[in-house]
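Numbering (the numbering used here), first residue to last: 2 to 164.
Ideal Cβ positions, reconstructed from N, Cα and C, are used throughout, including at glycine.
Everything numeric in this text was worked out from a predicted model, so none of it was measured.
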Amino acid sequence: MDLKLIRNLIRLMERGEVTELEIEDEQARMKVHLRRGPEAGSGPQVVMVPGSAHAPAPMPGPAPAVESGAEAPAPAAGEARGEGLIEITSPMVGTFYRAPSPETDPFSSVGDVLEEDTVVCIVEAMKVMNEIRAECRGSIVELLVENGEPVEFGQPLFLVRPR
């Protein structure tokens, strides 16, 4: 994808001229959505998904400022394993981290009680640390990903028993 074009489109979104767009080529598909309102973040949210199973992965480029609350159609909560559990899934491709740094305690552990706005982990994408929120109320039953492990868009990260 042409990084210059992507930068210009992001600028249009920041100025309010465009709020949503989708671009696809032989290597990747990119969907950008900008939310407005009190719950929205300060910039656009960018999600890149590989175009096909045979296409090479998209080349990393400069990342726009991404506010964790701005994750547009985040598939963060859904029924899991038929047990009434909810999956917290990754809204992007990146690297999963349980804590903000190696020296600090993890954001969440098995047994922790969550509120909808509780930060449960970080997914690093293109050198940007994106806080992932629970988006559901309940308690963590299982961690499905190891610290530092690569994750895919929509991959389950945690199982939560709703309350």
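| query | Does the Cβ of ARG8 have 16 or more other Cβ atoms within 10 Å, making it buried, or fewer, making it exposed? | reply | exposed
| said: Taking the straight line between their C-alpha atoms, what separation do you get for ARG162 and THR90? | reply: 14 Å
| said: Do THR96 and GLU125 have their beta-carbon atoms positioned less than 7 Å apart in this structure? | reply: yes
| query | Does DSSP classify MET130 as helix, strand or coil? | reply | strand
| Selection from ARG12, ASP113 and CYS122 that minimises the alpha carbon distance to GLU147 | CYS122
| message | Tell me the residue span of the beta strand (DSSP E) that contains LEU160. | response | 157–163
| request: With distances taken Cα to Cα, identify the nearest neighbour of CYS137 among MET93, LEU115 and LYS32. | output: LEU115
| Range of the contiguous beta strand (DSSP E) that encloses GLU143 | 139–144
| field | Three-state class that DSSP yields for ILE11 in the structure shown | value | helix
| Do you know offhand how far LEU10's Cα is from ARG30's? | 15 Å
| message | Can you give me the C-alpha to C-alpha distance between LEU4 and GLU21, rounded to a whole angstrom? | response | 17 Å
| message | Considering Cα atoms alone, identify which of ARG12, ARG134 and VAL129 is closest to VAL120. | response | ARG134
| query | Applying the criterion that 16 or more other CB atoms from any shown protein chain within 10 Å of the CB defines a buried residue, is PRO92 buried or exposed? | reply | buried
| query | If VAL142 sits next to LEU86, beta carbons under 8 Å apart, how far is it from one beta carbon to the other, in whole angstroms? | reply | 6 Å
| Delimiting residues of the beta strand (DSSP E) encompassing GLU21 | 21–25
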